[in-house]
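In the numbering used here, the protein residues as written are 38 to 345.
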Ligand SMILES: Nc1ncnc2c1ncn2[C@@H]1O[C@H](COP(=O)(O)OP(=O)(O)O)[C@@H](O)[C@H]1O
Ligand SMILES: [Mg+2]
């Protein structure tokens, strides 16, 4: 995408009224993320969106991503949107530390993460809706249509996915504007609070998914997941729901990585990241939890029925 980047930089420079230089940031798994600076020390974040990502079904349409990014910015959780450019967006540069899994597992961080989610979730609704069950079907459809390699035994787990969805539907939760992809790299701690970036999969959803997804991405144990659940909801009542969504996160994002590996091979090579190995790792975590003897109790708890 050299043209989009080149013209975006020219437009940023015209907007700033000064020449700018840019440095590519590592860590983004989808788009080109650049820090843009002037000689006077101003800095911004340029997100050059890769249309192939959304075309492959790995993200929402770019125009809707930008609408949701603006809404998230309005809550103070997302970065401020300073300029919309063709195929790119210029954002506030958040000074802080991008979290990693061990930072998200730090018990002192749980209240900050919960607070950021609550603030985002109480903001204006997003322009898109999101269900992890529909996302799984959509990604599986892509894998089938393109005959992509998926982890062995994946399809054997589909009946249990239907069982999880039926349990969730027994007592559906009201949806709120969710990020839906809270891996540690999308959380930045500015020393005071957690900010959230990257609205590529944002949409209105059950808030328990947001927590389960955070827990999956940072490899939480049940105790940690319970602590985050209490920090967000005030008590641990929805803990089983969060645990089931943790499993759904690992199962569904397995396919996200399979699709990325299969359809965007060139992109994957440039990102220097093994998308295929990540698919296998996520599926291994999902099967570990599905085969755990406590799994049936999670289903019963969510359905509101105690096992005798
Ligand atoms: N507004 C921002 N301010 C500072 N750093 C940012 C900002 N947005 C993203 N980053 C950094 O760039 C990394 C990748 O950005 P992200 O938007 O998550 O890209 P991708 O969609 O490719 O995952 C983040 O993990 C974070 O370290
Ligand atoms: Mg990201």
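For each residue, glycine too, the CB sits at the ideal point set by N, CA and C.
When you get a sec, list the residues whose CB is within less than 5 angstroms of any heavy atom of ligand 2, chain order please. 223 and 235
Measuring alpha carbon to alpha carbon, tell me which of 269, 146 and 262 ends up nearest residue 284. 262
Given this structure, state the Cα-to-Cα distance separating residue 83 from residue 298, to the nearest angstrom. 25 angstroms
Close beta carbons around residue 201, own chain, < 6 angstroms, minus the five adjacent residues each side: 281
Using only the heavy atoms of ligand 1, determine whether one of them is closer than 8 angstroms to the beta carbon of residue 153. no
Measuring from the CB of residue 77, is there a heavy atom of ligand 1 at a distance below 8 angstroms? no
Cβ-heavy atom distance between residue 62 and ligand 1 below 8 angstroms? yes
Enumerate, from N- to C-terminal direction, the unbroken alpha helix (DSSP H) stretches of 4 or more residues contained entirely within the stretch 258–324. 259–270, 276–300 and 302–308
When 175, 211, 274 and 235 are compared against residue 221, the one with the closest alpha-carbon: 235
Are there three or more Cβ pairs, one per stretch, closer than 8 angstroms when the stretch 69–87 is compared with the stretch 124–143? yes
Buried or exposed: residue 295, going by 16 or more other Cβ atoms within 10 Å of its Cβ? buried
Could you tell me how far apart the beta carbons of residue 90 and residue 96 are, in whole angstroms, since I believe they sit closer than 8 angstroms? 5 angstroms
What separation, rounded to the nearest whole angstrom, lies between the Cα atoms of residue 230 and residue 183? 43 angstroms
Mind checking whether residue 238 and residue 153 have CB atoms under 9 angstroms apart? no
What I want to know is whether the C-beta of residue 291 ends up closer than 8 angstroms to one or more non-hydrogen atoms of ligand 1. no
Use the C-beta contact count for residue 85: other C-beta atoms within 10 angstroms, 16 or more gives buried, fewer gives exposed. buried
Quickly, what does DSSP pair residue 125 with across the bridge? List them, please. 85 and 122
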